[in-house]
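A.B. asks: Quick note, the first sequence lines up with residues 1173 to 1643 if you use our numbering. A virtual CB, placed ideally from N, CA and C, is assigned to each residue, including glycine.
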Amino acid sequence: MFQVQEQSQRPLTTAHLAQTMSLLLLSNMELRDTVMAELSSNPALELVEETVCPNCQRRLNNAGPCPACSIQHQEQDPIVFLSPRDSFRPSRSQNLEEQPPDHEPAAPEDLTTHVLQQLASDLHPDDRRLAIYILSSLDEDGFLQDPPAIIARSTRSSFFQVDRVLKLISQVDPPGLATTGPKQALLAQLDLLPDDGSILRLARQIIEGYFTELGRREIEKIAEGLEISPSKIRQAAAFIHDNLNPYPGRAFWGSGRGPQGSNPNVYHSPDILITHNPSDAKGPLVVEIFSAVSGWLRVNPMFSKARARTNGDQIEEWSKYIERASLFVKCLQQRNNTMRRLLQTLVIKQRDFIMNGDRYLKPMTRAKIADEIGVHESTISRAVAHKSIALPDGRIIPLARFFDRSLAVRDRIKEIVKNEKQPLTDDQIADILKNEGVNIARRTVAKYRSIENILPARLRHRNGARNGEQV
DNA sequence: CTATGGCACGGATT
DNA sequence: AATCCGTGCCATAG
1173 MFQVQEQSQR PLTTAHLAQT MSLLLLSNME LRDTVMAELS SNPALELVEE
1223 TVCPNCQRRL NNAGPCPACS IQHQEQDPIV FLSPRDSFRP SRSQNLEEQP
1273 PDHEPAAPED LTTHVLQQLA SDLHPDDRRL AIYILSSLDE DGFLQDPPAI
1323 IARSTRSSFF QVDRVLKLIS QVDPPGLATT GPKQALLAQL DLLPDDGSIL
1373 RLARQIIEGY FTELGRREIE KIAEGLEISP SKIRQAAAFI HDNLNPYPGR
1423 AFWGSGRGPQ GSNPNVYHSP DILITHNPSD AKGPLVVEIF SAVSGWLRVN
1473 PMFSKARART NGDQIEEWSK YIERASLFVK CLQQRNNTMR RLLQTLVIKQ
1523 RDFIMNGDRY LKPMTRAKIA DEIGVHESTI SRAVAHKSIA LPDGRIIPLA
1573 RFFDRSLAVR DRIKEIVKNE KQPLTDDQIA DILKNEGVNI ARRTVAKYRS
1623 IENILPARLR HRNGARNGEQ V
């Protein structure tokens, strides 16, 4: 009944191996481009727009774990499942306007086409022209140069039409694109985040009411205005800084997609989402691994049938297509499978971290995990690379952070400094840590401090002012 | 003289 | 094989 899984574990050919590896390396956003490219270049491959469990391929009527596949899980176990949803349009309104997939040669490196590809299925043909106009008129930060009314006039469209298209654009991948400024961009991004947790609400309040103050880091002033403790405000500010990007147009696209181009301060849609029932602290975590595209891929049965009726040299060529398509599907399945197993073990091991924050991250290496689930360590490296994950509190962090060996210690140092009566020198901090069983050198404390933007003791006079950074 | 940051080395990790 | 990380040594700022 539940097949597919373990038996597809062993690579069949070297081609299979190679392709699985390269797919594994990609984030959802990148994978999406790859899938689209494959779809448009291989007629044997078909995207079925239907919510189906990616695991057992049963039909699902709503998003969520497939009831058949979230098998044998007990109380404490996390529910890890492959989601039929893609991560790019989280709140996709169910307007079912089928559009023939346009077979334009994909030029994925361009922001405009990237956005258009995502919009393709949601966009009225009439709106397409408008969308192109809007996208090309954005300034380098991704903001509108002209107010909507002007756009409506110069394209001779209705105001509502413009408004509708703007809404759509602001929801797809670089979120907050085509808004009127940093403030609106942040708010648009906030709308897309999973909204449980009070930080979200606080963040919204701050952005709405105290945007300029936020920019100047006038924490105290905001706290006073909202009548909330400064530390909470600080938390929310850090949250905004970590997860939202006031300049969506600069995000990611300028710097290309290489490993070096990953700017940590850039928001992008998470590849994985962890949620849990806030009222049940002991309850299972729910881990949703998004698909790269909504719907699922298969070898087009019509194409196979058609091949049988073809003659001569064509049949050779078509067979190649089919073979490539089925290989692609298999690789994708294996990628999913690996991701699922990885997350399964990761979430069990790091539950404390996920629920309670940085300090509880247990040190572990990719090699250990690899050993545990029986794959090569390089597989884990690839699986972890370039992926991001949304935690229950709404923070979006790179998956690689699960393997940050020093995160817990750095967090502890932050706390020591926050609670210090008088500025402690690195040596003293090292001593405190030593007493807690953490043996690190003085020099290392200094390194961690600088990572966390904590000033040296001498400059840390005994007022609450810590860490000065700018965006 | 003390606290820090820079440079560079070696071992671990990827 | 390439990269990351903790650390020791040394120059320098206070």
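Exposed or buried, what is G1348 when buried is set at 16 or more other beta-carbons lying within 10 Å of its beta-carbon?
C.D. replies: Within the first sequence, numbered from 1, the residue matching residue 1348 stands at position 176. By the neighbour-count rule (16 or more Cβ atoms within 10 Å), G1348 is buried.
A.B. asks: Does the beta-carbon distance from D1530 to L1571 come in below 8 Å?
C.D. replies: In the first sequence, residue 1530 corresponds to position 358, counting from 1. In the first sequence, residue 1571 corresponds to position 399, counting from 1. No, the pair does not count as a contact, with Cβ atoms beyond the cut-off.
A.B. asks: Could you tell me the distance, in whole angstroms, from the CA atom of F1575 to the CA atom of I1526?
C.D. replies: As a first step, residue 1575 must be located in the first sequence, where it is residue number 403. As a first step, residue 1526 must be located in the first sequence, where it is residue number 354. F1575 and I1526: Cα-Cα distance of roughly 13 Å.
A.B. asks: If you reduce the DSSP assignment to three classes, tell me which class T1352 lands in.
C.D. replies: The residue given as residue 1352 occupies position 180 in the first sequence. T1352 falls in the coil class under three-state DSSP.
A.B. asks: Could you tell me the boundaries of the alpha helix (DSSP H) in which P1207 lies?
C.D. replies: For this step, residue 1207 is matched to residue 35 along the first sequence. Inspection of the sequence shows that residue 1207 is occupied by Val rather than by Pro. From DSSP, the alpha helix (DSSP H) with V1207 extends over N1200 to S1213.
A.B. asks: Residue range of the alpha helix (DSSP H) that I1626 falls in?
C.D. replies: Within the first sequence, numbered from 1, the residue matching residue 1626 stands at position 454. Element bounds for I1626: n/a, residue is neither H nor E.
A.B. asks: Over what stretch of residues does the alpha helix (DSSP H) that includes L1518 continue unbroken?
C.D. replies: As a working mapping, residue 1518 is identified with position 346 in the first sequence. From DSSP, the alpha helix (DSSP H) with L1518 extends over D1485 to K1521.
A.B. asks: What are the boundary residues of the beta strand (DSSP E) that F1462 is part of?
C.D. replies: Here residue 1462 refers to the residue found at position 290 when the first sequence is read from its first residue. Residues L1457 to S1463.
A.B. asks: For H1448, does the three-state DSSP call read helix, strand or coil?
C.D. replies: For the purposes of this step, residue 1448 is taken as the residue at position 276 of the first sequence. Strand.
A.B. asks: Compute the beta-carbon to beta-carbon distance between R1577 and P1535, rounded to the nearest angstrom, for a pair I have assumed lies under 8 Å.
C.D. replies: Position 405 of the first sequence, counted from the first residue, corresponds to residue 1577. Position 363 of the first sequence, counted from the first residue, corresponds to residue 1535. The pair is a contact, with the Cβ atoms about 5 Å apart (cut-off 8 Å).
A.B. asks: Alpha carbon to alpha carbon, what distance is there between A1602 and I1461?
C.D. replies: Here residue 1461 is taken as the residue at index 289 of the first sequence, counted from 1. Here residue 1602 is taken as the residue at index 430 of the first sequence, counted from 1. I1461 and A1602: Cα-Cα distance of roughly 40 Å.
A.B. asks: When you compare only the Cα positions, how much space is there between L1364 and R1573?
C.D. replies: In the first sequence, counting from the first residue as 1, residue 1364 sits at position 192. In the first sequence, counting from the first residue as 1, residue 1573 sits at position 401. One C-alpha to the other measures close to 23 Å.
A.B. asks: For L1631, count neighbouring C-beta atoms within 10 Å of its own C-beta (all shown protein chains included) and say buried if the count is 16 or more, exposed if not.
C.D. replies: The count along the first sequence starts at 1 and reaches residue 1631 at position 459. Exposed, because fewer than 16 other Cβ atoms sit within 10 Å of the Cβ of L1631.
A.B. asks: Do E1549 and R1582 come within 8 Å of each other at the CB atom, strictly closer than that value?
C.D. replies: As a working mapping, residue 1582 is identified with position 410 in the first sequence. As a working mapping, residue 1549 is identified with position 377 in the first sequence. Not a contact, by the Cβ cut-off of 8 Å.
A.B. asks: Can you name the start and end residues of the beta strand (DSSP E) that E1218 belongs to?
C.D. replies: Taking the first residue of the first sequence as position 1, residue 1218 is located at position 46. That run of the beta strand (DSSP E) goes L1217 to V1220.
A.B. asks: DSSP on A1187, reduced to helix/strand/coil?
C.D. replies: Reading the first sequence from its first residue, position 15 is the one you call residue 1187. Helix at A1187.
A.B. asks: Hey, how far is the Cα of T1192 from the Cα of A1557?
C.D. replies: One-based indexing of the first sequence puts residue 1192 at position 20. One-based indexing of the first sequence puts residue 1557 at position 385. Taking the straight line joining both Cα atoms gives about 14 Å.
A.B. asks: By the DSSP assignment, the alpha helix (DSSP H) with L1605 in it spans what residues?
C.D. replies: Residue 1605 sits at position 433 when you count from the first residue of the first sequence. Counting along the chain, the alpha helix (DSSP H) containing L1605 begins and ends at D1598 to N1607.
A.B. asks: Could you spell out the range, first to last residue, of the beta strand (DSSP E) harbouring M1560?
C.D. replies: Stepping through the first sequence from its first residue, residue 1560 is reached at position 388. Looking at the sequence itself, residue 1560 is Ser, so the reference to Met does not match. Run containing S1560: S1560 to A1562, per the beta strand (DSSP E) assignment.
A.B. asks: From A1324 to S1342, what distance separates their C-alpha atoms?
C.D. replies: Walking along the first sequence from the start, residue 1324 turns up at place 152. Walking along the first sequence from the start, residue 1342 turns up at place 170. C-alpha separation (whole angstroms): 17 Å.
A.B. asks: Would you kindly work out how many angstroms separate the C-alpha atoms of R1328 and R1301, rounded to a whole number?
C.D. replies: Locating residue 1328 in the first sequence gives position 156, where the first residue counts as 1. Locating residue 1301 in the first sequence gives position 129, where the first residue counts as 1. Rounded to whole angstroms, R1328 to R1301 spans 11 Å at the Cα level.
A.B. asks: Smallest Cα separation from R1513: which of I1251, L1217 and V1220?
C.D. replies: Along the first sequence, one-based indexing puts residue 1513 at 341. Closest option to R1513, Cα to Cα, is I1251.
A.B. asks: Can you give the beta carbon distance from V1547 to T1510, rounded, assuming they're within the 8 Å contact cut?
C.D. replies: As a first step, residue 1547 is located in the first sequence; it is residue number 375 there, counting from the start. As a first step, residue 1510 is located in the first sequence; it is residue number 338 there, counting from the start. Indeed, because the Cβ distance is near 7 Å, the residues count as touching under 8 Å.
A.B. asks: Please report the Cβ distance between V1519 and L1457, rounded to the nearest whole angstrom; I am assuming they are in contact, meaning their Cβ atoms lie under 8 Å.
C.D. replies: Locating residue 1519 in the first sequence gives position 347, counting from the first residue. Locating residue 1457 in the first sequence gives position 285, counting from the first residue. The Cβ separation is near 6 Å, so the contact holds.
A.B. asks: So, at 7 Å on beta carbons, what are the nonlocal neighbours of C1503 in its own chain, with the 5 sequence-adjacent residues on each side left out?
C.D. replies: Position 331 of the first sequence holds residue 1503. Closer than 7 Å at Cβ, skipping near neighbours: H1188, Q1191, T1192 and L1195.
A.B. asks: Which two residues bound the contiguous alpha helix (DSSP H) that contains V1589?
C.D. replies: Counting from one through the first sequence, the residue named residue 1589 turns up at place 417. Counting along the chain, the alpha helix (DSSP H) containing V1589 begins and ends at L1579 to N1591.
A.B. asks: Alpha carbon to alpha carbon, how far is S1498 from I1545? Give it in angstroms, no decimals.
C.D. replies: Taking the first sequence and counting its residues from 1, one reaches residue 1545 at position 373. Taking the first sequence and counting its residues from 1, one reaches residue 1498 at position 326. When rounded, the distance between both Cα atoms is 26 Å.
A.B. asks: By DSSP's criteria, R1470 is part of a beta bridge. Which residues make up the other side?
C.D. replies: If you number the first sequence from 1, residue 1470 lands on position 298. Answer is E1218, bridged to R1470.
A.B. asks: Output the boundary residues of the alpha helix (DSSP H) element that contains I1612.
C.D. replies: Locating residue 1612 in the first sequence gives position 440, counting from the first residue. Note, I1612: premise wrong, no alpha helix (DSSP H); not H, not E.
A.B. asks: Please report how far the alpha carbon of N1486 lies from the alpha carbon of L1316, in whole angstroms.
C.D. replies: Along the first sequence, one-based indexing puts residue 1486 at 314. Along the first sequence, one-based indexing puts residue 1316 at 144. In the sequence on display, residue 1486 carries Gln and not Asn. Roughly 50 Å between the two C-alpha positions.
A.B. asks: Who pairs with F1253 in a beta bridge, going by DSSP?
C.D. replies: Indexing the first sequence from 1 puts residue 1253 at position 81. DSSP output for F1253 lists E1460 as bridge partner(s).
A.B. asks: Measure the Cβ-Cβ separation of P1595 and A1542 and say whether it is below 8 Å.
C.D. replies: Within the first sequence, numbered from 1, the residue matching residue 1595 stands at position 423. Within the first sequence, numbered from 1, the residue matching residue 1542 stands at position 370. No, Cβ-Cβ distance for P1595 and A1542 is not below 8 Å.
A.B. asks: Per DSSP, what kind of secondary structure is I1400 in: helix, strand or coil?
C.D. replies: Translated into positions along the first sequence, residue 1400 becomes position 228. In this structure, I1400 counts as coil in the three-state DSSP scheme.
A.B. asks: How would you label R1481, buried or exposed, when you count the other beta carbons within 10 angstroms and need 16 or more for buried?
C.D. replies: Along the first sequence, one-based indexing puts residue 1481 at 309. The residue is exposed, with fewer than 16 neighbouring Cβ atoms inside 10 Å.
A.B. asks: Taking the Cβ atom as the reference point for each residue, do L1219 and G1397 lie within a distance shorter than 8 Å?
C.D. replies: The residue labelled residue 1219 in the question sits at position 47 within the first sequence. The residue labelled residue 1397 in the question sits at position 225 within the first sequence. Cβ distance not < 8 Å, so L1219 and G1397 don't count as in contact.
A.B. asks: When DSSP builds the beta bridges, which residues end up paired with I1568?
C.D. replies: The residue you call residue 1568 lines up with position 396 of the first sequence. Bridge partners of I1568: A1562.
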